[in-house]
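>
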Amino acid sequence: GPAAIVNAGRFIYDSRDEGAAERLRVLNMKSGVWRCRTVFNCTEACPRDIEVTNIIEDVKRTLLLEQV
1 GPAAIVNAGR
11 FIYDSRDEGA
21 AERLRVLNMK
31 SGVWRCRTVF
41 NCTEACPRDI
51 EVTNIIEDVK
61 RTLLLEQV
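Every letter in the sequence shown is one number past the one before it in the working numbering, and letter 11, counting from 1, is 11.
1. Where C42 and L63 are concerned, what is the direct C-alpha to C-alpha distance, given to the nearest angstrom?
2. Alpha carbon to alpha carbon, how far is R16 from G9? Give it in angstroms, no decimals.
3. In chain order, what residues of the same chain lie with their CB nearer than 7 Å to the CB of E51, ignoring the 5 residues before and after it?
4. On the three-state DSSP scale, how would you describe T38?
5. With 16 as the cutoff for other CB atoms within 10 Å, does V6 come out buried or exposed?
This is how it looks when you write it as structure tokens:
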């Protein structure tokens with residue numbers, strides 16, 4: 001779900017993370033970031049005001065650029 005994607009995204013962009021490629025592979029699955037329809041419902045519902053949809057879009061962009 002969105003919380004797991006945000007959590008994975010936090011590590012993917014950490015240069016010390018050695019598991020970024022594996023995280024991206026998992027997020028690239030049909031049940032990963034591609035299920036997001038970018039309607040910002042999860043961002044609006046987030047009690048911590050995290051811009052969830054923007055993080056998901058960043059991960060999608062990374063996947064497209066890196067052709068994972």
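C-beta: ideal position from N, C-alpha, C; glycine also.
It should be emphasised that the depicted structure is a prediction, and the values quoted were computed from it without experimental measurement.
So, from the listed chains and residues:
1. 21 Å
2. Going by the C-alpha atoms only, they are around 13 Å apart.
3. T43
4. coil
5. buried
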